[in-house]
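Trainee:
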Amino acid sequence: TPLLDIAGLTKRYPTGDLALTDVSLRVPPGQVMALIGPSGAGKSTLIRCVNRLVEPSSGTVVLAGEALTTLSRGALRRARRRMGMIFQEYALVERLTVMENVLSGRLGYTGFWASWFRRFPRRDVEEAFRLLDRVGLAHMADKRADALSGGQRQRVGIVRALMQDPALLLVDEPTASLDPKTSRQIMRLIVELCEERGLAAIINIHDVALAQEFARRIVGLRAGRIVFDGGPDTLDAAA
Ligand code: ADP
Ligand code: ADP
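In the UniProt record's numbering, the protein residues as written are 6 to 244.
#1: Look at the Cβ atom of Ser37, then the Cβ atom of Leu8, and state whether they are nearer than 7 Å.
#2: Counting Cβ pairs, one atom from each stretch, are 3 or more of them under 8 Å apart for the region 156-169 and the region 179-194?
#3: Kindly examine ligand 2 and report whether one of its heavy atoms sits closer than 6 Å to the Cβ of Gly45.
#4: Write down every uninterrupted run of the alpha helix (DSSP H) in the region 181-241 whose length is 4 residues or greater and which is fully enclosed by it, in chain order.
#5: In terms of DSSP beta bridges, what is Arg149 paired with?
#6: Which class does Gly42 belong to by DSSP, given the choice of helix, strand or coil?
#7: Between which residues of its own chain and Val232 is the CB-CB distance below 6 Å, once the five residues before and five after are set aside?
#8: Where do the N-terminal and C-terminal ends of the alpha helix (DSSP H) with Val164 fall, by residue?
#9: Going by beta carbon distance, what residues of the same chain come within less than 7 Å of Thr26, once the five residues before and after it are set aside?
#10: Should Gly89 be labelled buried (16 or more other beta-carbon atoms within 10 Å of its own) or exposed?
#11: Would you kindly work out how many angstroms separate the C-alpha atoms of Val66 and Ala46, rounded to a whole number?
#12: With which residues is Glu71 paired in a DSSP beta bridge?
#13: From Leu167, Arg149 and Ala152, pick the residue whose C-alpha is nearest to that of Ala133; which is it?
#14: Please tell me whether, using a cut-off of 6 Å, the distance from the CB of Thr26 to the nearest non-hydrogen atom of ligand 2 is below it.
#15: In the DSSP assignment, what residue or residues form a beta bridge with Asp10?
#16: Who pairs with Asp177 in a beta bridge, going by DSSP?
#17: Run through DSSP, which three-state label would Gly47 get?
#18: With burial defined as no fewer than 16 other Cβ atoms inside 10 Å of the residue's Cβ, what is the status of Thr50: buried or exposed?
#19: Using the Cα positions of Thr6 and Pro237, report the straight-line distance between them to the nearest angstrom.
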């Protein structure tokens, strides 16, 4: 059974923009999938319908057997803890340290500031150090987020999402603010970490070459519809 089962998803914004039309997509556990397509294709809307930052107009999203599209607010908050988000602009709290930003992942989605007030169990801090070490940032744990480079900030964003211990990572244009060399490093890191941890991911990325280099499955969106779904080697023939 799939980890994520999206069926008949349609989104029309109040402005009248039809961003998604009848999109169906299944993601098995542990699969790292790249979602490509030109800007305006609906990639960001699709990812946001999964965690309901955007409310779908119709269709269903089921995560590990639970229908997310009909959950109440309280139940949705719990369900969101199983979906780690990685953002284009990192969304770190600049005045907090790397460690504080990372620990906020433990609180889920709304906890960005709350980590400053709270004492965390030692095992959380140890896990945070282990993960920071894995991404080469253990020595930066006490630095403020605003002292880091773009690539370092995105690595902190990745570790924060992993601290949530999610079943699924939702990754929205993770390299959009980075130079080409750093973009490749970040894509490689996200895919490697997912594979090490058996974690499924949907990675929005409009850089087709990066998708082809790192993802096993590529789904192409165009004007709100899926126009391609296959392995990286079959994409060239389809384009
Ligand atoms: P943007 O406006 O976001 O920069 P582009 O229109 O320049 O996006 O498209 C980026 C690249 O992705 C182009 O090479 C384009 O051919 C390719 N592309 C876009 N959509 C698809 C798709 N659905 N399937 C395959 N390739 C696509
Ligand atoms: P992508 O992530 O592939 O660039 P988006 O999901 O951001 O695509 O956008 C898909 C379509 O939905 C576009 O036509 C865009 O203008 C429209 N759209 C996105 N967000 C909004 C919004 N908040 N209100 C109205 N229209 C929106």
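We put the CB at the ideal spot given by N, CA and C, even for glycine.
Since the model is a prediction, treat every value here as computed from it, not as a measurement.
Mentor: Straight from the coordinates:
#1: One point to set straight first is that residue 37 is Val, not Ser, in the sequence displayed. Contact flag unset, no.
#2: yes
#3: The answer is yes for Gly45.
#4: Counting only runs of 4 or more, we get 185-202 and 213-219.
#5: Thr102
#6: coil
#7: Gly225
#8: Gly155 to Met168
#9: Thr15, Gly229 and Arg230
#10: When all chains shown are included, Gly89 counts as buried.
#11: 19 Å
#12: Leu68
#13: Leu167
#14: no
#15: Arg31 and Val67
#16: Asn209
#17: coil
#18: Thr50 is buried by the Cβ-count criterion.
#19: 23 Å
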